[in-house]
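K.L.:
Heads up: the protein sequence lines correspond to chains A and B, in order.
When you number the first sequence by UniProt numbering, it's gap-free, plus one each residue, and the end is 133.
When you number the second sequence by UniProt numbering, it's gap-free, plus one each residue, and the end is 133.
There are 2 protein chains.
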Amino acid sequence: MSKYEKACLIRGDGGRAVRGVLDRIGDKWTLLVVATLHGERMRFTELLRRIPGVSQRMLTLTLRHLERDGLVGRTVYAEVPPRVEYELTATGRTLIGPAVALAEWAIEHNAGIERSREAYDGAGRGEAGPPQG
Amino acid sequence: MSKYEKACLIRGDGGRAVRGVLDRIGDKWTLLVVATLHGERMRFTELLRRIPGVSQRMLTLTLRHLERDGLVGRTVYAEVPPRVEYELTATGRTLIGPAVALAEWAIEHNAGIERSREAYDGAGRGEAGPPQG
DNA sequence: CCGAATCCGCCGGGATACTG
DNA sequence: CAGTATCCCGGCGGATTCGG
Numbered sequence: 001m002s003k004y005e006k007a008c009l010i011r012g013d014g015g016r017a018v019r020g021v022l023d024r025i026g027d028k029w030t031l032l033v034v035a036t037l038h039g040e041r042m043r044f045t046e047l048l049r050r051i052p053g054v055s056q057r058m059l060t061l062t063l064r065h066l067e068r069d070g071l072v073g074r075t076v077y078a079e080v081p082p083r084v085e086y087e088l089t090a091t092g093r094t095l096i097g098p099a100v101a102l103a104e105w106a107i108e109h110n111a112g113i114e115r116s117r118e119a120y121d122g123a124g125r126g127e128a129g130p131p132q133g
Numbered sequence: 001m002s003k004y005e006k007a008c009l010i011r012g013d014g015g016r017a018v019r020g021v022l023d024r025i026g027d028k029w030t031l032l033v034v035a036t037l038h039g040e041r042m043r044f045t046e047l048l049r050r051i052p053g054v055s056q057r058m059l060t061l062t063l064r065h066l067e068r069d070g071l072v073g074r075t076v077y078a079e080v081p082p083r084v085e086y087e088l089t090a091t092g093r094t095l096i097g098p099a100v101a102l103a104e105w106a107i108e109h110n111a112g113i114e115r116s117r118e119a120y121d122g123a124g125r126g127e128a129g130p131p132q133g
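(1) Could you work out which residues of chain B lie near A:Arg104, taking near to mean beta carbons separated by less than 7 Å?
(2) Say whether the stretch 8 to 16 of chain A touches the stretch 44 to 57 of chain A, bearing in mind that this needs 3 or more beta-carbon pairs closer than 8 Å, one atom from each stretch.
(3) Identify the continuous beta strand (DSSP E) that holds A:Arg83 and give its terminal residues.
(4) Is the separation between the beta-carbon of A:Pro98 and that of B:Ala101 shorter than 8 Å?
(5) Assuming B:Arg49 is part of the beta strand (DSSP E), what are its boundary residues?
(6) Looking at chain A, is there any beta carbon in it that lies within less than 8 Å of the beta carbon of B:Ser55?
(7) B:Gly122 touches chain A at which residues, Cβ-Cβ below 9 Å?
(8) Leaving out five residues before and five after B:Arg43 in sequence, what residues of the same chain have Cβ atoms less than 8 Å from its Cβ?
(9) Does the stretch 25 to 41 of chain B come close enough to the stretch 106 to 125 of chain A that 3 or more CB-CB pairs lie under 8 Å?
(10) Does the separation of the CB atoms of A:Ile113 and B:Gly73 fall below 8 Å?
(11) Using a C-beta cutoff of 8 Å, does B:Leu59 count as contacting chain A?
(12) 8 Å is my cut-off, CB to CB: does A:Tyr4 come that close to chain B?
(13) How about A:Pro131: is its C-beta nearer than 8 Å to some C-beta of chain B?
(14) Does any residue of chain B bring its CB to less than 8 Å from the CB of A:Arg83?
(15) Start and end of the alpha helix (DSSP H) containing B:Arg19?
(16) DSSP beta-bridge partners for A:Tyr77?
(17) Between A:Ala90, A:Gly92, A:Ile96, A:Ala111, which has its C-alpha nearest B:Thr91's C-alpha?
(18) Relative to the C-alpha of A:Tyr120, which residue among B:Leu66, B:Glu118, B:Asp27 is closest?
(19) Taking A:Trp105 and B:Leu88 to be in contact with their CB atoms under 8 Å, please state how far apart those CB atoms are, rounded to whole angstroms.
(20) Determine the DSSP secondary structure at A:Glu114, reduced to helix, strand or coil.
(21) Rounding to the nearest angstrom, what Cα-Cα distance links B:His109 and B:Trp29 in this structure?
(22) Counting only C-beta atoms, is A:Arg117 closer than 8 Å to chain B at any point?
(23) Starting from B:Gly97, find everything on chain A with Cβ-Cβ shorter than 8 Å and list it in chain order.
(24) In the structure shown, what three-state DSSP assignment does B:Val54 receive?
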């Protein structure tokens, strides 16, 4: 794939495709939920425990969005203590690939980006090389 | 890579890595700017024209963030009509890969997701099976 | 146990006007 | 041409409370 073709893929029709997927997964919890759900069904409280920092409200909202988009399936068991289980759909599982690519990029470049930020903030950033070059 | 390993990559240390990269590229214009800059240096106004809908303010902010993170380089030419050119750094170029993966996923599943949404919104969504199995 | 409802602070981001 | 400064609004997301 040429550089030109790659850029076109991303920019698409004014970037609508990429904007759409980022609107979908760019929020605070979606990718974490998807990753946590990867490979096993799980009930609400279990998700709540496994995802540190998420509130009941946000977990519910995130799951609803994912369900609406057909990425997550929801099963309710009519029991005395209510039980609800969530699982990735086939479509939902396909999201893991791009998500992993993103995660790997993040892990690989995080340190460098951090250093770049410090340099940028530290220097007058109109001149001056990085502080540790 | 096993399912477990993939999930770990994304969830990392409480999902910090993924959260970081989404904070960085999850906003409205960053990926568009990166894609547009892919393969060619470009000046401010050129970017402004090529990215439909972006405002001067947001383009400036986005470029500053990218510069701070070391993903974009900025060159100022001291000429009578001011001229500033932007280009991807080596690190910036590595972002294209994951971005393309995301774009491909978006393009491939957009239609299905759209249908799922309509079905979800249309149905009482308390019953009724999915429209396409 | 699961989730809906309400209240509220914060900030992303658009429009506009001004500068060098 | 290439920004900077200011105003404003919508909604994301946290805390808390109530319902089945």
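Where a beta carbon is used, it is the ideal one built from N, C-alpha and C, also for glycine.
P.N.:
Let me lay it out:
(1) The amino acid occupying residue 104 of chain A in the given sequence is Glu; Arg does not appear at that position. Result: Leu9.
(2) no
(3) 83 to 88
(4) Going by C-beta atoms, A:Pro98 is nearer than 8 Å to B:Ala101.
(5) Note, B:Arg49: premise wrong, no beta strand (DSSP E); alpha helix (DSSP H) at 44 to 50.
(6) no
(7) The contacting residues do not exist; B:Gly122 stays about 11 Å from chain A at best.
(8) Arg83, Val84, Glu85, Tyr86
(9) no
(10) no
(11) Closer than 8 Å: no.
(12) At a cut-off of 8 Å, the C-beta of A:Tyr4 has a neighbouring C-beta in chain B.
(13) Reliability fails at A:Pro131, whose pLDDT of 40 lies under 50, so the model's placement of it is uncertain and the value that follows must be treated cautiously. By this cut-off, A:Pro131 is not an interface position.
(14) Not one chain B Cβ lies under 8 Å of A:Arg83.
(15) 16 to 25
(16) A:Arg83
(17) A:Ala111
(18) B:Leu66
(19) In fact, because the Cβ distance is near 14 Å, the residues do not count as touching under 8 Å.
(20) helix
(21) 22 Å
(22) yes
(23) Ala101, Trp105
(24) coil
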